[in-house]
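What follows is a short report on a single structure.
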Amino acid sequence: MAVQAAPAVADGGATATTDKLTIIVFSGEMDRLVAAFNIATGAAASGMDVTMFFTFWGLQALKKPIRTGTSLMGRMLGWFLRDLEGVGPSRMNFGGAGRWMFKAMMRRKRITPLSELRQLAADLGVRMLACQMSMDVMEIRREDLIDAVSGVAGVAAMLEVAGQSKATLFI
Amino acid sequence: MDAVQTAKTLDLKGLLCPIPVVKMAQAIKTVAVGEVIEAVATDPGVMADIPAWCRTTGHELVRISRDDKVITFAVRRVK
Chain V
0 MAVQAAPAVA DGGATATTDK LTIIVFSGEM DRLVAAFNIA TGAAASGMDV
50 TMFFTFWGLQ ALKKPIRTGT SLMGRMLGWF LRDLEGVGPS RMNFGGAGRW
100 MFKAMMRRKR ITPLSELRQL AADLGVRMLA CQMSMDVMEI RREDLIDAVS
150 GVAGVAAMLE VAGQSKATLF I
Chain B
0 MDAVQTAKTL DLKGLLCPIP VVKMAQAIKT VAVGEVIEAV ATDPGVMADI
50 PAWCRTTGHE LVRISRDDKV ITFAVRRVK
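Top line first, the protein sequences correspond to chains V and B.
For the first sequence, numbering that gives the first Met the number 0 gives the first residue as 0, with consecutive numbering after it.
For the second sequence, numbering that gives the first Met the number 0 gives the first residue as 0, with consecutive numbering after it.
And the structure:
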């Protein structure tokens with residue numbers, strides 16, 4: 000596992016190795032996802048090697064806008080799962096009115112929308128991993144997730160990357 | 000060293016966090032080592048973010064200044 004052995008740059012070595020950042024995205028709300036993708040893109044732009052690990056409600060950030068689920072309960076759950084465009088804020092959602100309001104306000108301030116942030120993250124090389132166990136529980140298949148997902152992984156894979164990271168965030 | 004040749008100009012006006020930093024990261028790859036990127040921005044966060052970005056990436060902040068709402072800065076690609 001000779002990952003970190005980037006050759007030292009001839010500038011004093013202050014930035015000799017690539018710093019890593021792991022973000023565990025558990026939440027599926029608009030505001031928390033904005034924070035997660037904002038940090039991820041900022042870190043990638045600062046030269047960090049970023050891995051985002053999406054679990055439970057966080058999977059909504061990777062879901063295509065389709066209905067998921069195979070069993071009766073899975074399909075019922077699928078009815079309530081959103082995609083990135085459909086997620087509301089963690090507070091003041093008011094049955095969707097809050098989502099509309101926040102989107103309008105963000106648009107007015109010209110803040111990059113979530114879907115663009117996610118695309119930007121992918122373009123900057125942010126690795127997006129989906130949690131296998133959550134996918135099994137929630138009956139979300141790999142083909143229900145967007146193509147930008149770089150893989151499906153479990154806790155050991157996440158911990159390995161987190162162990163090599165300078166910082167690990169749980170959002 | 001002081002003959003600052005601007006290789007590229009970036010208009011970051013109206014863009015908010017994290018986009019100015021992202022645009023800088025993308026632009027710096029398009030110039031050669033030693034060349035300078037000049038940029039204008041309006042997000043006040045840039046005053047803190049661009050110097051921090053230069054420290055983490057190792058690129059040189061040639062200058063940064065704020066005139067009312069407009070922030071002007073220049074960054075030299077170091078490596």
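Cβ atoms here follow ideal geometry from the backbone N, Cα and C, with glycine treated the same way.
Since the structure is predicted, the reported quantities are computational estimates derived from the model, not experimental observations.
Proximal residues to residue i (C-beta, below 7 Å), its chain only, five neighbours per side dropped
{"i": "V69/B", "result": "V39, T41"}
{"i": "V61/B", "result": "V3, V35, A73, V74, R75"}
Local conformation of residue i per DSSP, three classes
{"i": "L144/V", "result": "strand"}
{"i": "A129/V", "result": "strand"}
{"i": "F171/V", "result": "The structure shown does not extend to residue 171/V, since chain V is modelled only from 0 to 170, so the question has no answer here."}
{"i": "E115/V", "result": "helix"}
{"i": "A6/B", "result": "strand"}
{"i": "I139/V", "result": "coil"}
{"i": "L80/V", "result": "coil"}
{"i": "I27/B", "result": "helix"}
{"i": "R65/B", "result": "strand"}
{"i": "V77/B", "result": "coil"}
{"i": "M102/V", "result": "First, the amino acid is wrong: residue 102/V is Lys here, not Met. Looking at K102/V - three-state DSSP - the assignment turns out to be helix."}
{"i": "G162/V", "result": "helix"}
Neighbourhood of residue i by C-beta, 8 Å cutoff - its chain only, sequence neighbours within 5 removed
{"i": "L9/B", "result": "K22, M23, A26, I36, E37, A38, V39"}
Short Cβ contact (9 Å threshold) for residue i with residue j
{"i": "S133/V", "j": "T50/V", "result": "no"}
{"i": "A161/V", "j": "T21/V", "result": "yes"}
{"i": "T67/V", "j": "L80/V", "result": "yes"}
{"i": "T55/B", "j": "D48/V", "result": "no"}
{"i": "M29/V", "j": "F101/V", "result": "yes"}
{"i": "A120/V", "j": "F53/V", "result": "no"}
{"i": "F55/V", "j": "G87/V", "result": "no"}
{"i": "I145/V", "j": "K62/V", "result": "yes"}
{"i": "R117/V", "j": "A96/V", "result": "no"}
{"i": "G73/V", "j": "E142/V", "result": "no"}
{"i": "L158/V", "j": "F36/V", "result": "no"}
{"i": "L108/V", "j": "L15/B", "result": "Reading off the sequence, residue 108/V comes out as Lys, not Leu. Yes, they are a contact pair."}
Residue(s) in a DSSP beta bridge with residue i
{"i": "K62/V", "result": "L144/V"}
{"i": "A40/B", "result": "L11/B, I70/B"}
{"i": "V151/V", "result": "A129/V"}
{"i": "L60/B", "result": "V74/B"}
{"i": "V35/B", "result": "T5/B, R75/B"}
Chain-order list of residues whose beta-carbon lies under 6 Å from that of residue i (same chain, five-residue window excluded)
{"i": "W52/B", "result": "V20"}
Taking only runs of the beta strand (DSSP E) that begin and end inside the region 18-76 of chain V, which ones reach a length of at least 3 residues, in chain order?
-> 19-24, 48-53
Interface positions of the region 106-125 of chain V facing chain D (Cβ-Cβ less than 9 Å), listed along the chain = Any reference to chain D falls outside this structure, whose protein chains are V and B.
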